[in-house]
Structure formats: structure tokens, C-alpha cells
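With our numbering, the residue at position 91 of the sequence shown is 368, and numbering never jumps. Beneath this line is the structure, given in C-alpha cells, with notes to follow.
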Amino acid sequence: MSKGALSSQGATIAVPVGPAVRPSGLRRLRPRGRAALAVGIALLVAIGLASLLAPYLTSYDPIEQDLRNALRPPDAVHIFGTDNFGRDIFARVLYAAKLNLTIGILCVLFPSVLGVVLGGIAGYFGGFADTVIMRVVDTFTAFPFLIMVIGIIAILGPGLVSLYIALTLAGWTVYARIVRAEVLVAKKSEYILAARALGFSNTRIIFGHVLPNVIVPALIFAATDIVLVILSTTSLSFLGLGVQPPTPEWGTMIAEGRTFIMSAWWMVTLPGLAIVIVSAALSLFSDGLADTLRRKD
Numbered sequence: 278m279s280k281g282a283l284s285s286q287g288a289t290i291a292v293p294v295g296p297a298v299r300p301s302g303l304r305r306l307r308p309r310g311r312a313a314l315a316v317g318i319a320l321l322v323a324i325g326l327a328s329l330l331a332p333y334l335t336s337y338d339p340i341e342q343d344l345r346n347a348l349r350p351p352d353a354v355h356i357f358g359t360d361n362f363g364r365d366i367f368a369r370v371l372y373a374a375k376l377n378l379t380i381g382i383l384c385v386l387f388p389s390v391l392g393v394v395l396g397g398i399a400g401y402f403g404g405f406a407d408t409v410i411m412r413v414v415d416t417f418t419a420f421p422f423l424i425m426v427i428g429i430i431a432i433l434g435p436g437l438v439s440l441y442i443a444l445t446l447a448g449w450t451v452y453a454r455i456v457r458a459e460v461l462v463a464k465k466s467e468y469i470l471a472a473r474a475l476g477f478s479n480t481r482i483i484f485g486h487v488l489p490n491v492i493v494p495a496l497i498f499a500a501t502d503i504v505l506v507i508l509s510t511t512s513l514s515f516l517g518l519g520v521q522p523p524t525p526e527w528g529t530m531i532a533e534g535r536t537f538i539m540s541a542w543w544m545v546t547l548p549g550l551a552i553v554i555v556s557a558a559l560s561l562f563s564d565g566l567a568d569t570l571r572r573k574d
């Protein structure tokens, strides 16, 4: 153990100093702060462009069947192979990327907007509005996230629209809690008291002064929430409750390929790899965004 010397009025006191703590293993390799943000953005841009340019990157229709080429392994013609209906896996993975990313973005955008508005109203006005909104939040959060989503889909029926509705209704409560807590602190600030003294309307104060200054925690959570939404979407589609065949979606593709996992590994492995890459990119982006925004604060 190394020692550091502390000098005071001519006396020297030996102070034990512990060895420097170094992150071990993968933590040393993981990008931090702006580096993680840059890597995450680069990966997401590449994935987004690939999904948007799918018609130019492959000439195969993701839905059209070709039974003569069923279960064809990866080769120069079909670089990801084909499924049991002869559909090109590469084309289906690319088209599924566009759908999964769209679902992830919209199913975070809708509940975040709803939660931010209701949380802002509850925190700013308090009283009856706060009681009603928070009782609704408590009711919704009494059920586990996926259980509530499955229950709503069971009522509405499986499908893409039901998936949007279920993920929105189950996801807004966290944003409401986050924003309400921030607003309760912010509304006592001097700039809010000054705005009230100047006669600004409550609507102007909430949307013009309060929410812009408390939105950072909600943005950080939203970046992380996209990963949860995409994983929930693929899980529900795998169970037959989300996107329905023959629409290309990663969870649906894995469900269709599990029967052939021993003879046609590419049907399961390659869509699964796409999920891992997108999740890693989103995780890097959310971690980097959180570090960057917290440093600014």
C-alpha cells in the first residue's frame, strides 16, 4: 500500500492511500460520454440508412415466396440464406429494421408526450389534478409492464395498431412520475415566481418555462426506453401478439425459424443478431446522451 504525506506546521503525518481503482474487463473497453454517444449515433445512422435504402440494397421482395429455393443456406445469391418459404432473409431483416425502429420511436414518442404533459399538470397545479392523475398512475403501475401490454392486446386483438395502443397506455406513467417530481422542485424557483409576478398565464409558464427546464431526465429515460420497446415488440411478435405474418419483423422471423433451428440456423441467428446490434447501438446512444446532458447540468 502506498502512502501520502500530509504536512501541517512542520509535522508530517503518514496517510494511507489505497491503490488506484481501475475498471476491469469490459468496462475498460466500453466507450464513455461523448465517445459512446458518437459510436451509438454512427451505428444508428448506418442501421437507419440501411433500412431506408432496403429497396436499393436488395432486389428481393421480403414477402414474395419462392418454394424452389426454400431453406437455402447463405451464399453469393442469398447472402443471409432463405426461409422455409424461399423468402430472402437479408431482405426481410432490412425491411424489419425499418418497422422495428419505427415502432420503437413512435411507441416512445406517444407515451412520453402524454406523460410529460400530465406529469407537468400534476406537479404544477397540485391539489385535485395531482390527486386524480397520480391515482391513475398508481393504478396503471400496479400491473407489470408486459402483463398490461398483453392484457390490452388480448382485448383489442393482435396487430400493429393494438401494439401501438398497448405500448402507449402502458408506458406513459414513468414519464409522468419523472416530470412531476422535477416540476415540484422547479415551480418554487425564482424564475417561475417572477413569471407569475409578471402575470404570465399558467399555460405559458408550464410550456414556456417549466417543461423546457425539467425535460432532461425524461429525455434520458426515453433514449433507454426505446430499447425496452423494441425488445417488447419482438417478444410480443414472437408470441403471436404483435406484428402478424407475413410482415417482416424480427420477433416473427425468429418464431417462424425456431422449428428449423437445427437445419437452418440462419433463420433464427441473423434476425437475433440484428436485435443485438440495434440494442447495443441504442444502449451506447442512451448512455452517451445521459453522460453528456448530466455534464451540462
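All C-beta atoms, glycine included, are put in the ideal place defined by N, C-alpha and C. Values in this document were obtained by computation on a predicted structure and should not be read as measured data.
Buried or exposed for R571, please, with buried defined as at least 16 other CB atoms from any protein chain shown within 10 angstroms of its CB.
In the sequence shown, residue 571 corresponds to position 294, counting from 1. Exposed, since its Cβ has fewer than 16 Cβ neighbours within 10 Å.
For D365, does the three-state DSSP call read helix, strand or coil?
By 1-based counting over the sequence shown, the position of residue 365 is 88. In this structure, D365 counts as strand in the three-state DSSP scheme.
So, helix, strand or coil for T335, using DSSP?
The sequence position of residue 335 within the sequence shown is 58, counting from 1. In the structure shown, T335 sits in coil (DSSP, three-state: anything other than H, G, I, E or B).
Taking the alpha helix (DSSP H) that F498 falls in, what are its first and last residues?
Start at 1 with the first residue of the sequence shown, and residue 498 comes out as number 221. Note, F498: alpha helix (DSSP H), 493-515.
Based on the DSSP output, what are the partners of T359 in its beta bridges?
Your numbering for residue 359 matches position 82 in the sequence shown. Partner(s): D365.
Check this for me: beta carbons of Y452 and G392, under 9 Å apart or not?
Here residue 452 refers to the residue found at position 175 when the sequence shown is read from its first residue. Here residue 392 refers to the residue found at position 115 when the sequence shown is read from its first residue. Cβ atoms of Y452 and G392: closer than 9 Å.
Would V506 and S563 be called neighbours here (beta carbons separated by less than 9 Å)?
Counted from its first residue, the sequence shown places residue 506 at position 229. Counted from its first residue, the sequence shown places residue 563 at position 286. Remark: C-beta atoms of V506 and S563 do not approach each other more closely than 9 Å.
Taking buried to mean at least 16 other C-beta atoms within 10 Å of its own C-beta, is P525 buried or exposed?
Sequence index remark: in the sequence shown, residue 525 carries index 248 (1-based). When all chains shown are included, P525 counts as buried.
Taking 6 Å as the limit between beta carbons, can you name the residues of its chain near V493, skipping five residues before and five after?
Taking the sequence shown and counting its residues from 1, the one referred to as residue 493 is at position 216. L570, listed in sequence order.
Inter-residue Cα distance where the pair is G310 and A319:
As a working note, residue 310 is residue 33 in the sequence shown. As a working note, residue 319 is residue 42 in the sequence shown. One Cα belongs to G310, the other to A319, and the distance between them is close to 14 Å.
Cα-Cα, which of A347, F498, L470 is closest to H486?
As a position in the sequence shown, residue 486 is number 209, starting the count at 1. Of A347, F498, L470, the residue nearest in Cα terms is L470.
Check whether the region 443-458 and the region 380-400 are in contact - that is, three or more C-beta pairs closer than 8 Å.
Cβ pair count under 8 Å is three or more, so yes.
With the cut-off set at 9 Å, would you say S389 and A472 are in Cβ contact?
Residue mapping note: residue 389 aligns to position 112 of the sequence shown, counting from 1. Residue mapping note: residue 472 aligns to position 195 of the sequence shown, counting from 1. No.
Does the separation of the CB atoms of A458 and F422 fall below 9 Å?
Here the question's residue 458 lines up with position 181 in the sequence shown. Here the question's residue 422 lines up with position 145 in the sequence shown. Between A458 and F422, the CB-CB gap reaches or exceeds 9 Å.
The alpha helix (DSSP H) with S328 in it runs from where to where?
Stepping through the sequence shown from its first residue, residue 328 is reached at position 51. Residues 310-329.
Below 9 Å between beta carbons: does that hold for I554 and L508?
To locate residue 554, count along the sequence shown from 1; it is residue 277. To locate residue 508, count along the sequence shown from 1; it is residue 231. Not in contact: I554 and L508 (Cβ atoms no closer than 9 Å).
Identify, in the order they occur along the chain, each residue of the same chain with its Cβ nearer than 6 Å to the Cβ of I483, setting aside the five sequence neighbours on each side.
The residue labelled residue 483 in the question sits at position 206 within the sequence shown. Taken in chain order, the residues that qualify are G397, Y401.
Mind reading off the beta-carbon distance from P435 to G528? Whole number of angstroms is fine, and I expect it under 8 Å.
Taking the first residue of the sequence shown as position 1, residue 435 is located at position 158. Taking the first residue of the sequence shown as position 1, residue 528 is located at position 251. The C-beta distance from P435 to G528 rounds to 12 Å, too long to fall under 8 Å, and the pair is not in contact.
Closest to L344 by C-alpha separation, out of A557, P351, A327, R364, would be which residue?
The residue labelled residue 344 in the question sits at position 67 within the sequence shown. Considering only alpha carbons, the answer is R364.
So, for E341: in the same chain, excluding its five sequence neighbours on each side, which residues have a beta-carbon less than 8 Å away from its beta-carbon?
In the sequence shown, the residue the question calls residue 341 occupies position 64. Result list for E341: R364, in chain order.
Output yes or no for whether 9 Å exceeds the beta carbon distance between L559 and G381.
Locating residue 559 in the sequence shown gives position 282, counting from the first residue. Locating residue 381 in the sequence shown gives position 104, counting from the first residue. Between L559 and G381, the C-beta gap is smaller than 9 Å, which places the two residues in contact.
Nearest-angstrom Cα separation, counted from V460 out to F405:
Sequence index remark: in the sequence shown, residue 405 carries index 128 (1-based). Sequence index remark: in the sequence shown, residue 460 carries index 183 (1-based). Roughly 16 Å between the two C-alpha positions.
Locate the alpha helix (DSSP H) running through I482, then write down its first and last residues.
Position 205 of the sequence shown, counted from the first residue, corresponds to residue 482. 479-482 is the span of the alpha helix (DSSP H), which, as asked, contains I482.
Quick one: is I497 buried, meaning 16 or more other Cβ sit within 10 Å of its Cβ, or exposed?
Sequence index remark: in the sequence shown, residue 497 carries index 220 (1-based). Classification of I497: buried, given that the 10 Å Cβ count is 16 or more.
Separation of T480 from D360, as counted between CA atoms
Start at 1 with the first residue of the sequence shown, and residue 360 comes out as number 83. Start at 1 with the first residue of the sequence shown, and residue 480 comes out as number 203. Distance between the alpha carbons of D360 and T480 is about 55 Å.
Pick from V438, L378, D568, S336: whose alpha carbon is nearest that of I356?
Against the sequence shown, residue 356 aligns to sequence position 79. In this structure, S336 is the residue among V438, L378, D568, S336 with its C-alpha nearest to the C-alpha of I356.
Which residues bound the alpha helix (DSSP H) around S439?
If you number the sequence shown from 1, residue 439 lands on position 162. For S439, the enclosing alpha helix (DSSP H) covers residues 437-463.
Kindly list the residues whose CB is nearer than 8 Å to the CB of L378, restricted to its own chain and excluding five residues on each side of it in sequence; keep chain order.
Locating residue 378 in the sequence shown gives position 101, where the first residue counts as 1. Excluding sequence neighbours, L378 sits near I324, G325, S328, I507, V555.
Are the beta-carbon atoms belonging to P522 and G534 less than 9 Å from one another?
Here residue 522 refers to the residue found at position 245 of the sequence shown. Here residue 534 refers to the residue found at position 257 of the sequence shown. Taking 9 Å as the cut-off, the Cβ atoms of P522 and G534 do not count as close.
C-beta atoms of I429 and A419 nearer than 9 Å
Position 152 of the sequence shown, counted from the start, is the residue given in the question as residue 429. Position 142 of the sequence shown, counted from the start, is the residue given in the question as residue 419. No, these two residues do not count as a Cβ contact at 9 Å.
Can you tell me which of N490, T445, R349 puts its alpha carbon nearest to the alpha carbon of K465?
Counting from 1 along the sequence shown, the entry for residue 465 is found at position 188. The shortest C-alpha separation from K465 is found at N490.
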